[in-house]
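Residue numbers (numbering that gives the first Met the number 0), protein chains in the order written: chain A, 0 to 212; chain B, 0 to 101. Glycine is no exception: its CB is placed at the ideal position from the N, C-alpha and C atoms.
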Amino acid sequence: MSVKRDSFSVSITVGAYGSAFGAAAVAAHFSVLQACLLSLLLFSGASQFAVVGVIAAGGTPINAIATSTLLGTRNGLYGLRLAPLLKLRGWRRIIAAQITIDESTGVALAQNNEADMRKGFWFTGFGVFLFWNLFTLAGALGAQAIGDPSAWGLDAAVPAAFLGLLWPRLSDRKAWVLAGFAIVLALTLTPIVPAGIPIISCTLLAIIIGWRK
Amino acid sequence: MSNFWIAVIGSSALAFTIKVLGASVPESVLSHPRILRINNLIPVALLTALVAVNTFADKTKLVLDNRALGMAAAIALLIAKAPFPVVVVGAALTSALAYRYF
């Protein structure tokens with residue numbers, strides 16, 4: 000019972016945040032259809048915001064794809080962790096793959112027996128998928144209706160969204176040090192190299208800092 | 000095809016490929032501690048860079064405008080442990096007010 004309750008509350012809270020994505024996408028000149036397709040097909044919050052954020056910053060599509068894909072690599076590792084638990088074959092494995100994200104993995108791993116873990120994964124995965132897509136549409140339509148994005152602060156909603164995603168990850172000193180270097184590197188590179196490159200360059204910092212224990 | 004469509008389709012296809020690969024390869028391949036550590040740090044690096052660039056950059060120029068005030072509000076709300084939607088709306092409102100009055 001409490002698995003379903005956990006799944007539902009995570010789904011609705013995270014799903015509602017899809018409206019911020021829909022609005023941010025339209026503010027960055029994506030169409031409503033494109034915003035909705037990103038939520039349906041890409042379906043990974045940070046990666047979706049990255050596509051929009053890089054394009055909004057003037058980056059090329061290749062840059063947007065690369066940044067978004069690097070942010071999505073963790074979903075692959077979640078899948079790796081969940082595979083022995085879900086034990087799926089064929090089309091079920093493909094469906095499960097699409098809903099393997101932070102939230103479905105998080106709720107699954109928080110349970111204390113295998114049956115609840117599987118339930119947590121499916122309920123949260125489908126729940127977030129449903130609400131995230133509905134709210135994306137609502138946010139996109141809303142933003143389309145209001146005109147000038149700056150007048151409504153939508154230009155600040157994008158970095159605020161990134162900050163909200165970043166905040167819980169700043170859990171130790173190493174993460175803070177990395178964040179500090181990333182700000183310096185990204186802003187130093189901004190006037191020198193084409194837009195989008197300063198962002199993806201910060202991957203190097205993660206590799207350098209993560210290399211040693 | 001427009002840049003927007005290339006970004007939408009390309010990023011979606013790769014995201015799905017990664018998810019399916021993760022569910023299909025043997026666990027030993029990617030579970031080296033160094034790979035796991037770096038993988039945990041990549042989102043920190045990229046999200047921080049995205050915050051910085053989306054706040055202080057206008058294409059390839061560095062600027063200080065209404066968005067910076069919005070971000071200050073966001074940080075204050077996060078420190079006060081405000082929920083996610085409140086942080087985003089608070090930042091947007093602050094930025095919108097700054098945009099209108101400065």
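Residue i: buried (16+ other C-beta within 10 angstroms of its C-beta) or exposed?
{"i": "L85 of chain A", "result": "buried"}
{"i": "L69 of chain A", "result": "buried"}
{"i": "D171 of chain A", "result": "exposed"}
{"i": "I70 of chain B", "result": "Looking at the sequence itself, residue 70 of chain B is Met, so the reference to Ile does not match. By the neighbour-count rule (16 or more Cβ atoms within 10 Å), M70 of chain B is buried."}
{"i": "W210 of chain A", "result": "exposed"}
{"i": "D154 of chain A", "result": "buried"}
{"i": "N112 of chain A", "result": "exposed"}
{"i": "L63 of chain B", "result": "exposed"}
{"i": "D147 of chain A", "result": "exposed"}
{"i": "R33 of chain B", "result": "exposed"}
At which residues does the alpha helix (DSSP H) containing residue i begin and terminate?
{"i": "G44 of chain A", "result": "G44 to A55"}
{"i": "I74 of chain B", "result": "N65 to I78"}
{"i": "P42 of chain B", "result": "P32 to F55"}
{"i": "N2 of chain B", "result": "N2 to S23"}
{"i": "R99 of chain B", "result": "F83 to Y100"}
{"i": "G17 of chain A", "result": "G17 to A26"}
{"i": "P197 of chain A", "result": "I196 to W210"}
{"i": "L255 of chain A", "result": "No information on residue 255 of chain A is available, as it lies outside the stretch 0 to 212 that chain A covers here."}
Could you check the C-alpha separation between residue i and residue j for me, to the nearest Å?
{"i": "L37 of chain A", "j": "S6 of chain A", "result": "23 Å"}
{"i": "I5 of chain B", "j": "S103 of chain A", "result": "28 Å"}
{"i": "Y100 of chain B", "j": "G21 of chain A", "result": "27 Å"}
{"i": "A34 of chain A", "j": "P60 of chain A", "result": "15 Å"}
{"i": "G195 of chain A", "j": "L108 of chain A", "result": "35 Å"}
{"i": "A144 of chain A", "j": "A137 of chain A", "result": "11 Å"}
{"i": "I78 of chain B", "j": "A90 of chain B", "result": "13 Å"}
{"i": "V183 of chain A", "j": "L45 of chain B", "result": "13 Å"}
{"i": "L39 of chain A", "j": "F29 of chain A", "result": "15 Å"}
{"i": "G152 of chain A", "j": "S23 of chain B", "result": "43 Å"}
{"i": "F125 of chain A", "j": "H31 of chain B", "result": "30 Å"}
{"i": "L79 of chain A", "j": "G89 of chain A", "result": "16 Å"}
For my contact list, residue i and residue j are in at a C-beta cut-off of 8 Å; report their separation, rounded to the angstrom.
{"i": "T99 of chain A", "j": "G21 of chain B", "result": "7 Å"}
{"i": "S200 of chain A", "j": "L188 of chain A", "result": "6 Å"}
Every unbroken alpha helix (DSSP H) inside the segment 70-105 of chain A [4 residues or more]: Segments of the alpha helix (DSSP H) lying fully in the segment 70-105 of chain A: 89-97.
Restricting to runs no shorter than 3 residues, where is the beta strand (DSSP E) found entirely within the segment 118-171 of chain A? Counting only runs of at least 3 residues, the segment 118-171 of chain A fully encloses no beta strand (DSSP E) element at all.
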